[in-house]
Amino acid sequence: MSTAAQLGVSAALAACSPDVRECLAAACEGAHLSFEQGLRLATAEGPSLEALITVADALRRETVGDAITYVVNRNINFTNVCFVGCSFCGFARGAGAPDAYSLSAEDVVRKAREAWERGATEVCIQGGLPRDLDGFFYRDILRAIKLAVPAMHVHAFSPMEFSYGADKTGMPLRDYLRMMKDEGLGSIPGTAAEILDDRVRQQLSPNKLPVARWVEIITAAHELGIPTTSTMMYGHVEEPADWVRHILLLRSIQKRTGGFTEFVPLGFIHEKTRLYKHGGARAGAQREDHLRVHALSRVLLHGAIRNLQVSWVKLGFAMSLECLKSGANDFSGTLMEESISKAAGANFGEFVPPEEFRRMIRSIGRIPAERSTTYKIRRLFESPKASDALESPAPASLPLMQEKSHQPYAEGAY
2 MSTAAQLGVS
12 AALAACSPDV
22 RECLAAACEG
32 AHLSFEQGLR
42 LATAEGPSLE
52 ALITVADALR
62 RETVGDAITY
72 VVNRNINFTN
82 VCFVGCSFCG
92 FARGAGAPDA
102 YSLSAEDVVR
112 KAREAWERGA
122 TEVCIQGGLP
132 RDLDGFFYRD
142 ILRAIKLAVP
152 AMHVHAFSPM
162 EFSYGADKTG
172 MPLRDYLRMM
182 KDEGLGSIPG
192 TAAEILDDRV
202 RQQLSPNKLP
212 VARWVEIITA
222 AHELGIPTTS
232 TMMYGHVEEP
242 ADWVRHILLL
252 RSIQKRTGGF
262 TEFVPLGFIH
272 EKTRLYKHGG
282 ARAGAQREDH
292 LRVHALSRVL
302 LHGAIRNLQV
312 SWVKLGFAMS
322 LECLKSGAND
332 FSGTLMEESI
342 SKAAGANFGE
352 FVPPEEFRRM
362 IRSIGRIPAE
372 RSTTYKIRRL
382 FESPKASDAL
392 ESPAPASLPL
402 MQEKSHQPYA
412 EGAY
């Protein structure tokens with residue numbers, strides 16, 4: 002840690018409460034904090050919250066340096082038909098809805114080829130769960146993409162989809178995962194996690210995977226050499242204690258398997274969801290909670306999960322930049338298509354050009370870097386290029402693609 006950073010941490014620790022100071026000092030020394038210590042940090046206010054943010058940013062610098070990474074990717078989401086009925090989802094449709102849609106494998110391949118031609122190195126594929134889905138459809142999508150664009154990294158299918166596919170085919174879970182890896186699966190989004198507590202999950206979506214099944218699928222994937230991301234949705238019915246338990250569960254999995262590439266806090270977008278409309282949830286997270294969750298995640302996951310990603314679609318650009326100064330180090334992906342958050346009420350765009358990511362990253366004094374899905378640095382942009390020097394700030398919405406027949410679905414490339 003630099004002298005300036007040490008002085009900043011020392012000043013922040015001196016200003017905070019003694020119990021928070023003790024927790025943060027232990028984290029700086031490399032200790033894995035307990036639930037009780039995590040809960041104290043999760044409820045920090047005022048100078049103690051500022052100390053949490055300062056220490057989180059120092060741990061980020063110590064762990065990954067001053068680069069902020071992003072990936073050039075595209076979401077390809079093959080259906081919005083889903084029977085699960087998550088109360089926090091503003092997007093899913095019944096099979097007979099006028100705006101329901103399903104893409105063929107050929108449609109998916111066309112989108113993947115277009116993405117490759119535009120410089121994408123990853124496609125993220127997820128969708129709803131139709132009752133009549135063939136469990137081998139997921140395999141067929143992988144096979145078709147890898148045949149058409151062999152070098153494309155396929156980041157695909159949530160644990161919920163893997164459970165559904167295995168059940169539909171009758172294959173044992175590990176055999177199903179192994180088949181998918183053999184067909185070209187590169188990594189798995191750690192979505193369908195929400196809050197990893199069955200009590201909370203019953204309020205959010207009684208039909209969703211129980212915690213034990215989510216953990217089983219993620220762990221099996223790691224053991225088979227398939228990396229995954231990890232996520233947490235906050236700002237709805239959960240409490241700070243739920244954040245801490247969730248993050249510590251992920252930390253324990255990582256200590257066993259080492260398979261998580263990143264952690265992505267996902268702020269709840271409330272406006273158009275049934276959960277909020279019926280009075281079952283608060284109106285999303287406020288500014289301090291966004292900062293608190295990101296900083297808490299960096300501190301509790303220190304020494305376990307290296308990369309902490311912001312979801313710009315959910316946070317917006319200004320809040321994302323604040324979180325990138327509070328322990329986060331990754332700006333997520335260009336997406337090209339994103340609408341599940343928009344369907345729930347988010348106001349942010351479908352696409353961010355790489356040049357815009359680089360401009361925003363430099364605006365907070367950090368170094369932009371394009372990465373692969375698994376965090377290999379592809380290009381480090383230490384010196385600004387003329388194409389990066391945009392004269393005006395980013396607009397609130399950056400639409401790129403207009404679908405002719407339907408609004409695209411996207412869980413986000415997490």
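Position in the sequence shown (from 1) plus 1 gives the number in the numbering used here. Cβ atoms here follow ideal geometry from the backbone N, Cα and C, with glycine treated the same way.
| query | result |
| --- | --- |
| Please say whether Thr-375 and Phe-73 have beta carbons closer to each other than 9 Å? | Rather than Phe, the amino acid found at residue 73 in this sequence is Val. Going by C-beta atoms, Val-73 is not nearer than 9 Å to Thr-375. |
| Leaving out five residues on either side along the sequence, give the residues of the same chain with a beta carbon under 6 Å from the beta carbon of Ser-406. | Only weak support is given to the placement of Ser-406: the predicted model assigns it a pLDDT of 35, under 50, and the value that follows is read from those uncertain coordinates. Closer than 6 Å at the Cβ level, and outside the excluded window around Ser-406, lies no residue. |
| When the Cα of Ser-11 is compared with those of Asp-20, Thr-55, Val-294, Lys-182, which residue comes out closest? | Thr-55 |
| Do you know how far the Cα of Pro-211 is from the Cα of Gly-187? | 25 Å |
| Using CA coordinates, which residue listed in Gly-268, Cys-125, Ala-296 is at the minimum distance from Ala-284? | Gly-268 |
| Let me make sure I understand the geometry here. Which of Gly-366, Pro-355, Met-361, Ile-365 has the alpha-carbon closest to that of Arg-380? | Pro-355 |
| Along the chain, where does the alpha helix (DSSP H) containing Val-110 start, and where does it finish? | 106 to 118 |
| Roughly how many angstroms separate the alpha carbons of Gln-204 and Arg-62, rounded to a whole number? | 38 Å |
| Please report the straight-line C-alpha distance between Lys-182 and Glu-46, rounded to a whole angstrom. | 45 Å |
| Can you check which of these residues, Pro-131, Leu-130, Val-155, Asp-133, is closest to Ile-142 by C-alpha distance? | Val-155 |
| Thinking just about the alpha-carbon of each residue, which of Val-201, Ala-193, Phe-79 is nearest to the one in Ala-106? | Phe-79 |
| Are the CB atoms of Val-201 and Val-265 within a distance shorter than 9 Å? | no |
| Just tell me which of Arg-372, Ser-373, Gly-366 has its CA closest to the CA of Pro-385. | Gly-366 |
| With burial defined as no fewer than 16 other Cβ atoms inside 10 Å of the residue's Cβ, what is the status of Lys-459: buried or exposed? | In the structure as shown, the chain begins at 2 and stops at 415. Residue 459 is therefore absent and cannot be evaluated. |
| Quick check on Leu-381: does DSSP put it in helix, strand or coil? | strand |
| Unbroken alpha helix (DSSP H) runs of length 4 or more, entirely within the segment 245 to 329: which are they? | 275 to 278, 288 to 301, 313 to 316, 318 to 324 |
| Using CA coordinates, which residue listed in Cys-83, Val-238, Arg-114, Phe-358 is at the minimum distance from Ser-103? | Cys-83 |
| Of the residues Ala-370, Asp-243, Asp-168, which one's Cα is nearest the Cα of Asp-133? | Asp-168 |
| What three-state label does DSSP hand Glu-392 in the structure shown? | Only weak support exists for where Glu-392 lies, its pLDDT of 37 falling under 50; the value from the coordinates is given anyway. In the structure shown, Glu-392 sits in coil (DSSP, three-state: anything other than H, G, I, E or B). |
| Got a sec? Which residues, its chain only, sit under 8 Å from Ala-16 by beta carbon, not counting five neighbours each side? | Pro-48, Glu-51, Ala-52 |
| If you run the structure through DSSP and keep just helix, strand and coil, what is Arg-367? | coil |
| Could you tell me which residues DSSP puts in a beta bridge with Tyr-71? | Glu-371 |
| Please report the distance separating the alpha-carbon of Ile-254 from that of Gly-260. | 8 Å |
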